[in-house]
Amino acid sequence: MEPLPSILAPISLAESPTLIDLEPVHNCNLRCRSCHVPQEELTKVALPIEAIAKLGVRDGAHCKVGTTHEPTTHPEFPTLLNVLGELGYQVSLTTNGTLLTDRMLDGIADYSVFKSVNLSFDAATPDLYEYLRVGAKFQPTLERIKAFIARLDRSRTAIHANYTMLRANLCDINAAVDMWDDIGVDGLVLMVSSDRQNNTFLHDQMLASDPESFYQATESAAQHLIDSQRRIQLSGSLMMTPRFAERFGHLYHNRIMYSALPDPLPPVTPPDPHPGRCAAPMTEVRIRWNGHVYLCNNHFLVGNLLEQTLEEIWTGPRAKFTRDLVAANGDHCLHCNYFHYCLSSRTDLDLSAAQTTMLKEQT
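Taking our numbering, the leading residue of the sequence shown gets 7, the next gets one more, and so forth.
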C-alpha cells in the first residue's frame with residue numbers, strides 16, 4: 007500500500023487538542039430501536055470529575071459531549087459541564103433530552119458554555135416517538151427540552167434536532183419540520199440509520215430496504231419547508247445528491263437547505279474541522295468513560311486520563327508514534343469509518359484501495 011503523507015503533511019500538530027470528543031459515561035436511560043445500546047452490556051462506568059480537571063485550561067477549545075451514549079446519565083453531569091466551562095471549553099452537547107429536569111438545569115452554572123446542542127428525537131407524534139424511543143415519553147420530554155432551550159443564550163448557541171430516518175418514521179418528517187420550527191430550533195438534521203448487527207428491527211427499516219422512499223421523503227421535507235415558509239434549516243446526507251441539487255440547488259448552500267424566505271436564519275452548522283482532508287490525529291482526541299484517550303476515531307489508544315494529564319498524553323511517545331504511523335501508511339486511513347464514509351461523502355476522492363495513488367495525488 008502506498009503511503010499517504012500528503013493527507014497529514016500540510017497540517018501542523020496543534021499545541022494542544024482543539025477538539026475533544028468526550029463520552030463521560032457508559033450508560034443510557036433509553037433503548038431506542040435504531041440504536042446500538044439495546045445490543046450492548048452497559049457498565050454504567052462514569053468518568054470521575056477529577057479526571058475532567060486534567061484536561062487543562064483550553065480557552066475556546068471545542069468539546070463534544072455525548073456521541074455514542076447519553077451524557078446526562080452521568081451522576082454529576084451539571085458539575086461536569088461547570089468544570090468544562092471553568093476550563094474555557096465550548097461544549098457541543100448531544101442528548102435525548104429526557105433527563106433535563108429543572109433540578110439538573112438549575113445545577114448548570116453558566117449556559118454560555120454551550121456552543122451547540124443536538125437533540126435526538128425521531129418523530130413528531132407521541133405514539134411513533136414512544137414506539138421508536140423505548141422508555142421515553144413524548145410530551146414530558148418536549149416540555150423539558152423547551153425549558154432547556156429557554157435558558158440557552160441563542161446569540162451564541164446553535165440548536166439542532168437529529169432525526170434518524172427509518173421506514174417507520176418517514177411519514178412524520180414534514181410534521182417534525184413544523185414542530186421544531188415552532189419550538190424555535192435552528193435546524194433539523196435528517197440522519198440515515200447505521201446497520202446494527204443482530205438488530206432484526208433494522209433489517210427492513212434502513213435506506214437499503216427502500217431507497218426511493220427515503221429520497222422522496224427527504225425531497226418532500228424540502229418542498230414542505232419552502233411551501234410552509236419555515237425559517238428552520240434542513241440538512242442531511244441524502245441531500246448531497248445530483249437529483250436533490252437539480253431540484254433545490256438554488257436554496258441549498260454549504261450542505262444546508264433553506265426556505266425561500268428573504269430573511270432565513272443564518273448558517274448555524276459548525277465549520278467542518280476537516281475541510282477536504284482529515285486532521286484528526288493532529289488536532290483531536292477521543293476520551294471515554296474509563297479514562298482512555300484515543301487518536302483517530304478510537305483506533306489508537308495513547309494514554310489514560312486517570313493516570314496522566316491530557317497535555318502529557320498529547321505530547322507523549324505513544325501519540326507521536328501513532329501520528330508517524332498514520333502519516334506513513336494509508337491503510338489506516340482507508341479502514342477508518344470517518345475517513346472512508348464522512349470525508350469521502352464531501353469530496354470527489356475515491357477511497358477504494360485500488361485508487362490509493364489517485365487519492366495521494368488529489369489530497
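Cβ atoms here follow ideal geometry from the backbone N, Cα and C, with glycine treated the same way. Since the model is a prediction, treat every value here as computed from it, not as a measurement.
Using a 10 Å radius around the Cβ and a threshold of 16 neighbouring Cβ atoms, would you call residue i buried or exposed?
{"i": "PRO23", "result": "buried"}
{"i": "ALA359", "result": "The pLDDT assigned to ALA359 is 32, lower than 50, so where the model puts this residue is not dependable; a value taken from the coordinates is nonetheless given after this. With fewer than 16 other Cβ atoms within 10 Å, it is exposed."}
{"i": "LEU14", "result": "Since pLDDT at LEU14 reaches only 47, below the 50 mark, its modelled position is unreliable, and no value is offered."}
{"i": "GLU21", "result": "exposed"}
{"i": "ASP128", "result": "buried"}
{"i": "GLU8", "result": "No answer about GLU8 holds up, because its pLDDT of 45 lies below 50 and its placement is not dependable."}
{"i": "LEU365", "result": "Unreliable positioning characterises LEU365 in this predicted model, as indicated by a pLDDT of 26, which lies under 50. The coordinate reading is nonetheless provided below. Classification for LEU365: buried."}
{"i": "PHE327", "result": "exposed"}
{"i": "ASP192", "result": "buried"}
{"i": "GLN239", "result": "buried"}
{"i": "GLY141", "result": "exposed"}
{"i": "ASN343", "result": "exposed"}
{"i": "ARG150", "result": "buried"}
{"i": "GLN96", "result": "buried"}
{"i": "GLY91", "result": "buried"}
I need the boundaries of the alpha helix (DSSP H) containing residue i, first residue and last residue.
{"i": "SER219", "result": "217-233"}
{"i": "PHE83", "result": "83-92"}
{"i": "GLU21", "result": "Here GLU21 belongs to no alpha helix (DSSP H), and DSSP marks it neither H nor E."}
{"i": "MET171", "result": "Taken as a continuous stretch (DSSP letters only), MET171 belongs to no alpha helix (DSSP H), being part of the beta strand (DSSP E) at 164-171."}
{"i": "HIS338", "result": "337-340"}
{"i": "LYS152", "result": "144-157"}
{"i": "LEU61", "result": "Here LEU61 belongs to no alpha helix (DSSP H), and DSSP marks it neither H nor E."}
{"i": "MET110", "result": "108-112"}
{"i": "PRO77", "result": "Taken as a continuous stretch (DSSP letters only), PRO77 belongs to no alpha helix (DSSP H), as it is neither H nor E."}
{"i": "PRO132", "result": "132-138"}
{"i": "LEU176", "result": "From DSSP, LEU176 is part of no alpha helix (DSSP H); its letter is neither H nor E."}
Going by DSSP, what residues sit across from residue i in a beta bridge?
{"i": "GLN239", "result": "GLY193"}
{"i": "MET263", "result": "LEU240, TYR258"}
{"i": "SER385", "result": "Examination of residue 385 is not possible in this model, given that the chain is present from 7 through 369 alone."}
{"i": "GLU290", "result": "LEU25"}
{"i": "GLY309", "result": "VAL299"}
{"i": "VAL198", "result": "MET171"}
{"i": "LYS70", "result": "ASP27, SER98"}
{"i": "PHE120", "result": "VAL97"}
Would you give the residue range spanned by the beta strand (DSSP E) that residue i belongs to?
{"i": "THR100", "result": "96-101"}
{"i": "VAL332", "result": "Counting along the chain, VAL332 falls outside any beta strand (DSSP E), though it belongs to the alpha helix (DSSP H) covering 323-334."}
{"i": "LEU213", "result": "It is not in any beta strand (DSSP E) - LEU213 carries neither H nor E in the DSSP assignment."}
{"i": "VAL51", "result": "VAL51 -> no beta strand (DSSP E), and no H or E assigned at all."}
Check this for me: beta carbons of residue i and residue j, under 8 Å apart or not?
{"i": "ASP65", "j": "GLY103", "result": "no"}
{"i": "CYS302", "j": "ALA286", "result": "yes"}
{"i": "ASN204", "j": "GLN45", "result": "yes"}
{"i": "SER40", "j": "LEU138", "result": "yes"}
{"i": "SER122", "j": "HIS80", "result": "no"}
{"i": "LYS60", "j": "LEU231", "result": "no"}
{"i": "PHE154", "j": "LEU86", "result": "no"}
{"i": "ILE179", "j": "ALA115", "result": "no"}
{"i": "GLY72", "j": "THR101", "result": "yes"}
{"i": "ASN168", "j": "LEU125", "result": "yes"}
{"i": "ILE189", "j": "LYS143", "result": "no"}
{"i": "ASP2", "j": "ARG237", "result": "Nothing in the structure corresponds to residue 2, since the chain is present only between 7 and 369."}
- At least three beta-carbon pairs within less than 8 Å, the segment 169-177 to the segment 204-215: yes
- Take every Cβ of the segment 334-343, pair it with every Cβ of the segment 312-325, and state whether three or more of those distances are shorter than 8 Å. no
- Task: Take every Cβ of the segment 25-36, pair it with every Cβ of the segment 285-304, and state whether three or more of those distances are shorter than 8 Å.
- Result: yes
- Could you tell me whether the segment 30-48 touches the segment 58-77, using the rule of 3 or more Cβ pairs below 8 Å? yes
- Message: Under 8 Å, with one C-beta from each stretch per pair, do the segment 179-191 and the segment 38-58 reach the 3-pair mark?
- Response: With the cut-off at 8 Å, the segment 179-191 and the segment 38-58 do not touch.
- Message: Between the segment 196-204 and the segment 241-259, can you find at least three pairs of beta-carbon atoms closer than 8 Å?
- Response: yes
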